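If you count the sequence shown from 1, position 32 lands on 32 in UniProt numbering, and the numbers rise without skipping. We treat Cβ as the ideally placed atom computed from N, Cα and C, and that holds for glycine. These numbers come from a predicted model, not from an experiment. First the structure, in the form of structure tokens, and then the observations on it.
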Amino acid sequence: MSVLDALKGVLRVSLIHDGLARGLREAAKALDRREAHMCVLNEGCEEEAYKKLVVALCSEHKIPLIKVPDGKMLGEWVGLCTLDREGNARKVVNCSCVVVKDWGEESQERSVLLNYFQTEQ
Numbered sequence: 001m002s003v004l005d006a007l008k009g010v011l012r013v014s015l016i017h018d019g020l021a022r023g024l025r026e027a028a029k030a031l032d033r034r035e036a037h038m039c040v041l042n043e044g045c046e047e048e049a050y051k052k053l054v055v056a057l058c059s060e061h062k063i064p065l066i067k068v069p070d071g072k073m074l075g076e077w078v079g080l081c082t083l084d085r086e087g088n089a090r091k092v093v094n095c096s097c098v099v100v101k102d103w104g105e106e107s108q109e110r111s112v113l114l115n116y117f118q119t120e121q
């Protein structure tokens, strides 16, 4: 299982358990209060100050940070879209930053991410 597959599963479970902070305002508050278990940042974000703030807050509070290549994909994973009758995502909103405040439940995806964070340091 790749890290991005594990990340998708963790974000889905956290969304169900209402454990996500989506967007700069919610994410910055969660990071500053040290409520975050991990942070996901879109590499394609065009606002440099935005990226700089999120990276600085993560490094200051020692919160693991994962960068994903596509904001539309991240928006779909965290529920910033509508689903059609077949269950396909439509009207996906670009997402730049997501913070996981609550893992939800123990899962294999969570273990993969925690192992990734351990080896990354």
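| query | result |
| --- | --- |
| Beta-carbon proximity of glycine 71 to asparagine 94, cut-off 7 Å | yes |
| Candidates Glu46, Arg90, Lys91 and Val10: closest to valine 98 by CA position | Val10 |
| Euclidean distance between Cα positions of leucine 7 and valine 55 | 18 Å |
| Proximal residues to arginine 110 (C-beta, below 6 Å), its chain only, five neighbours per side dropped | Val10 and Trp103 |
| Buried versus exposed call for leucine 31 [16 or more other C-beta atoms within 10 Å across all chains shown] | buried |
| From Asp5, Arg85 and Gln118, residue whose alpha carbon lies closest to that of proline 64 | Gln118 |
| Pick from Gln108, Val100, Glu105 and Lys52 that is closest to arginine 26, judged by C-alpha positions | Per the sequence presented here, residue 26 reads as glutamate, with arginine not at that position. The candidate whose alpha carbon is nearest that of glutamate 26 is Val100. |
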